Amino acid sequence: MVERRPVLVLNFGSQYVQLIARRVRELGIYSEIVPYNIPAKDIEEKKPYALILSGGPASVYEKGAPLPDHGIYELGIPILGICYGLQVIAHQKGGKVERAQRQEYGRARLRVLEKDLLFDGLPEEFDVWMSHADKVVLLPEGFKTLASSENSPHAVIRHEKKPIYGVQFHPEVSHTFYGKELFANFLFGVCGAKKNWDMGDFISEKVEEIRSTVGSEKVVCALSGGVDSTVAALLTYRAIGDNLKCIFVDHGLLRKG
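In this note's numbering, the protein residues as written are 14 to 270.
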């Protein structure tokens, strides 16, 4: 099995977390979704190019809010916080996050205030997609604002010396203009990542992995009609052929007809 240096997406419960991972892979870089509370030492062992902190429905100032291991900021690994992820960074580094008087959901105009690799090749103003009820009202020490919108004065922030960034909007959704370019600037420009992912190669590797694991044994696969079990069955069939026996499970939730 080929070991790929990944980009780790820390999942704080965002509805877009799979989309974030997909955007990274669309740029040719392997990505993994991991729990938000993964220990810093486990992150270090994976040697990731970067950490992306996803959005989420919680508020960082509430008791029991999901927060990552504080040690991630001392690993020297570039970090990009998205929406709730930005607020996590601001909160954990000593800034202040409050309930916004005006919640934002929809398109907003982003104004770039300071040049940075993150905005390389992008216009000084462009539309982004916001979806948040809280906002950063006080930056942590050592951070600066790179861009703002009408209702988010700290729409993009970064550490003055470390490659730690946060964006209040969602670059992973199609409603944000230049979202792909922003990810590319972060991953290739800031992080120095190298392309290491191709879906065709991944399929070949998984087929070979299944073949070497199963050998001449027979395998039973329960099929529900969903994507996960169907893909698993197809990959296994490519690996071991007729040694695969599929059993269809009627769970009562299939489409009529």
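Even for Gly, the Cβ is constructed at its ideal location relative to N, Cα and C. If you're wondering where the values come from, they're calculated on a predicted model, not measured in any experiment.
In this structure, V141 sits away from G108, with a CB-CB distance that is not shorter than 7 Å. Excluding sequence positions up to five before and after G202, its CB lies within less than 8 Å of the CB of L130, L131, D133, all in the same chain and listed in chain order. By the neighbour-count criterion, in which 16 or more other beta carbons inside 10 Å mark a residue as buried, H264 falls on the exposed side. Annotation for S242: no beta strand (DSSP E) segment contains it, though the alpha helix (DSSP H) segment containing it runs 240-253. Taken through DSSP and simplified to helix, strand or coil, K128 comes out as coil. The continuous alpha helix (DSSP H) containing F196 extends over residues 192-197. The closest CA to that of P91, considering only G77, P61, Y118, H104, is found on P61.
Between I85 and I65, the C-beta spacing is not below 7 Å. With contacts defined by Cβ atoms closer than 7 Å, F182 and M143 form a contacting pair. Looking from the CA of L123, the closest CA among E75, A197, H167 belongs to H167.
Excluding five sequence positions before and after R171, the CB atoms of its chain that fall closer than 8 Å to its own CB belong to D129, L131, F156, K157, L159, I177, Y178, G179, given in chain order. In the structure shown, G69 falls within a coil segment according to DSSP collapsed to helix, strand and coil. Rounded to whole angstroms, the separation of the alpha carbons of G68 and I95 is 5 Å. P81 and Y29 do not touch by the CB rule: their CB atoms are close to 18 Å apart, not below 8 Å. Comparing C-alpha distances from E16 to each of D214, I260, L200 shows the shortest one belongs to D214. The Cβ-Cβ distance between L257 and V232 falls below 7 Å.
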